[in-house]
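K.L.:
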Amino acid sequence: MNNVVIQDVENDFRRAVEAIFQKIGKKQPVMKRRGHVYIKPNGVDFKPYSYTSPELLRAVITFFYEKGADQVYVMENSTQGNMTRLVFECTGYKEVIDDVGARAVYLDEEPHTTVLLPTLGKEVKIPKLIARRFTSEERNSLYVSLPKLKTHPMTTVTLGIKNQMAFLSHTDRSRNHDESLHQVLADLYSFVKPDYTIIDGTHAVFHGHYPLQKFLDECIDRLDILIGGTNALHVDTVGAKVLGYDFEEVKHLSLTAETQDMSSILGNVKGDLSRFAKRYPYRTLDVFPDDIRVLKGATKLCPEGCELNVRMLVQLLYYDYGGKGGFTIVMGGDHDKEVLDTIDGPVLIVGDCAIEETKEYIESTTGKSNILLSPACNSLARSMSALCRLMGISPLDLVPSKWSALKALILGKIHRSKAEIPSII
0 MNNVVIQDVE
10 NDFRRAVEAI
20 FQKIGKKQPV
30 MKRRGHVYIK
40 PNGVDFKPYS
50 YTSPELLRAV
60 ITFFYEKGAD
70 QVYVMENSTQ
80 GNMTRLVFEC
90 TGYKEVIDDV
100 GARAVYLDEE
110 PHTTVLLPTL
120 GKEVKIPKLI
130 ARRFTSEERN
140 SLYVSLPKLK
150 THPMTTVTLG
160 IKNQMAFLSH
170 TDRSRNHDES
180 LHQVLADLYS
190 FVKPDYTIID
200 GTHAVFHGHY
210 PLQKFLDECI
220 DRLDILIGGT
230 NALHVDTVGA
240 KVLGYDFEEV
250 KHLSLTAETQ
260 DMSSILGNVK
270 GDLSRFAKRY
280 PYRTLDVFPD
290 DIRVLKGATK
300 LCPEGCELNV
310 RMLVQLLYYD
320 YGGKGGFTIV
330 MGGDHDKEVL
340 DTIDGPVLIV
350 GDCAIEETKE
360 YIESTTGKSN
370 ILLSPACNSL
380 ARSMSALCRL
390 MGISPLDLVP
400 SKWSALKALI
410 LGKIHRSKAE
420 IPSII
């Protein structure tokens, strides 16, 4: 049985990390042949409380150097609509990396290769570095995952296994953010697995994975724990339980666990799991602008795709950045034309299903100049561009430093970043 440890931080990440490795029986972690360690935090974005603590990252890097690592790398491919370089600057990751002698690996700038998702039978692109170092039988580098303890409106929780969604290119993420998302995650985990997973439970983040700053007290709860182990599925199962969910309630975990005996995992936790009795909501907050109209089709409306991603973006731009309304959003399929006839003013059509069905008809009634499009299942960059335009916000207003954003954009282009980002013009 792979032990899972719940460890109190007590204002000392370094001591807590050491305690986790001692309790899982890995006081001296086994280094791979080359002595290289790759750490994957949840650096999805730079929004407060959405990303893994920089101080936990510092503690883990320091731990592995003290245990004999030759070189530690910090790798990430941040969310669609963002660039990893920018996220590392704004979160403080780059400062930590430089301070302790690690190296940043911006996966959106790495060459990609094609792999097959075995159950789904579809090809996706992942960085060659990931395929070369972590999918072969003779892995030559250590892989450590540092997810954050968060719920997620599309996957219930986002922990170690969901942390690997970053390995897909932005293009493939937008195409696979539909009802197949859960199997995509399970398929990725079938051939890419961390050697160690440590969940940053400084806070439980709920009502989704992007806490709105306007309603922050309703979206975070301080726990000051780490959850660690050698089996990401087992660690995620315990993390889900801390958030209030059995693994069977988390689709990608239940799919991953289909061939495994999960009966004794919770009974073998090192730490007091019983003290976590809350069930943190995973759905987004029940707030939405009154002056933005959403027309949902009767079919083809995936919560993993168009529906919830656009809802989250609207909430973010409206409540945290002062965006304005006064437009209509159309999504899904099988729309009533009499309802479409009531559209007045600008309209954003989201997703291929809605675009294929309604674009020409809405053009005929409102005119092309009033229509903006966001194709695929979840093109965050296109949706963000359109919503910023409609809501009177510049994408540069979303970053803490415009200079950092422009610097990251220039360097990213020089290094051939494949990140899909909003238009800033």
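All residue numbers for the sequence shown refer to numbering that gives the first Met the number 0, where the first residue is 0 and numbers rise by one. Quick reminder that beta carbons are idealized off the backbone N, C-alpha and C, glycines included.
(1) Could you check where the alpha helix (DSSP H) with S403 kicks off and where it finishes?
(2) Roughly how many angstroms separate the alpha carbons of Y279 and E362, rounded to a whole number?
(3) Would you kindly report the start and end of the unbroken beta strand (DSSP E) that includes K124?
(4) Contact between the region 94-103 and the region 184-196: three or more CB pairs below 8 Å?
(5) Quick check: the Cα distance between L339 and G324, rounded to an integer number of angstroms?
(6) Return helix, strand or coil for H251, following the three-state DSSP convention.
(7) Touch check for the region 324-336 and the region 294-307: three-plus C-beta pairs under 8 Å?
(8) Quick one: what does DSSP say L167 is sitting in, helix, strand or coil?
(9) Would you be able to state if there are at least three C-beta pairs under 8 Å between the region 124-134 and the region 206-218?
(10) Find out if the Cβ-Cβ distance for the pair I5, I264 is shorter than 8 Å.
(11) Would you grab the beta carbon distance between V71 and F63 for me? Rounded to a whole angstrom, and I think it's under 8 Å.
(12) Candidates H181, G411, A375 and K147: which alpha carbon is nearest D223's?
(13) Just to confirm the assignment, what range does the beta strand (DSSP E) spanning F326 have?
(14) The alpha helix (DSSP H) spanning H233 covers which residue range?
(15) Below 6 Å CB to CB, which residues in the same chain sit around Y142 once its five sequence neighbours on both sides are set aside?
(16) Measuring only the C-alpha atoms, how far is C305 from L372?
(17) Does the beta-carbon of R84 have 16 or more other beta-carbons within 10 angstroms, so that it is buried, or is it exposed?
(18) What does G322 pair with, by DSSP beta-bridge criteria?
(19) If I follow the unbroken alpha helix (DSSP H) through V286, where does it start and stop?
(20) Would you call the region 257-271 in contact with the region 312-322, where contact means no fewer than 3 C-beta pairs closer than 8 Å?
P.N.:
The relevant details are as follows:
(1) On the sequence shown, residue 403 is found 404 positions in, with the first residue counted as 1. From DSSP, the alpha helix (DSSP H) with S403 extends over K401 to I413.
(2) Mapped onto the sequence shown, residue 279 falls at position 280. Mapped onto the sequence shown, residue 362 falls at position 363. Y279 and E362: Cα-Cα distance of roughly 43 Å.
(3) Position 125 of the sequence shown, counting from 1, holds the residue named residue 124. Per DSSP, K124 is one residue of the beta strand (DSSP E) stretching across K121 to P126.
(4) Using a C-beta cut-off of 8 Å, the region 94-103 makes no contact with the region 184-196, since fewer than three inter-stretch Cβ pairs fall below that distance.
(5) Counted from its first residue, the sequence shown places residue 339 at position 340. Counted from its first residue, the sequence shown places residue 324 at position 325. About 18 Å.
(6) Position 252 of the sequence shown, counting from 1, holds the residue named residue 251. Three-state DSSP puts H251 in a helix.
(7) Contact between the region 324-336 and the region 294-307 is present, because at least three Cβ pairs lie under 8 Å.
(8) As a position in the sequence shown, residue 167 is number 168, starting the count at 1. Reduced to three states, the DSSP call for L167 is coil.
(9) The region 206-218 makes no contact with the region 124-134, as fewer than three CB pairs between them are under 8 Å.
(10) Taking the sequence shown and counting its residues from 1, the one referred to as residue 5 is at position 6. Taking the sequence shown and counting its residues from 1, the one referred to as residue 264 is at position 265. Cβ atoms of I5 and I264: not closer than 8 Å.
(11) Taking the first residue of the sequence shown as 1, we reach residue 71 at position 72. Taking the first residue of the sequence shown as 1, we reach residue 63 at position 64. With 8 Å as the limit, V71 and F63 qualify as a contact, their Cβ atoms being about 5 Å apart.
(12) Stepping through the sequence shown from its first residue, residue 223 is reached at position 224. In this structure, K147 is the residue among H181, G411, A375 and K147 with its C-alpha nearest to the C-alpha of D223.
(13) What you label residue 326 is simply residue 327 of the sequence shown in a count that begins at 1. Per DSSP, F326 belongs to the beta strand (DSSP E) from F326 to M330.
(14) Counted from its first residue, the sequence shown places residue 233 at position 234. Counting along the chain, the alpha helix (DSSP H) containing H233 begins and ends at A231 to L242.
(15) Along the sequence shown, one-based indexing puts residue 142 at 143. Apart from the 5 residues on each side of it in sequence, Y142 sits with its Cβ closer than 6 Å to the Cβ of Y37, F133, P193 and D194 in its chain, given in chain order.
(16) If you number the sequence shown from 1, residue 305 lands on position 306. If you number the sequence shown from 1, residue 372 lands on position 373. Inter-residue distance for C305 and L372 is about 12 Å (C-alpha atoms, whole angstroms).
(17) By 1-based counting over the sequence shown, the position of residue 84 is 85. Taking a 10 Å sphere around the C-beta of R84, we find 16 or more other C-beta atoms and assign the residue as buried.
(18) In the sequence shown, counting from the first residue as 1, residue 322 sits at position 323. Secondary-structure assignment with DSSP links G322 through no beta bridge to anything.
(19) Within the sequence shown, residue 286 is the residue found at index 287, counting from 1. Taken as a continuous stretch (DSSP letters only), V286 belongs to no alpha helix (DSSP H), as it is neither H nor E.
(20) Result no; under three Cβ-Cβ pairs closer than 8 Å.
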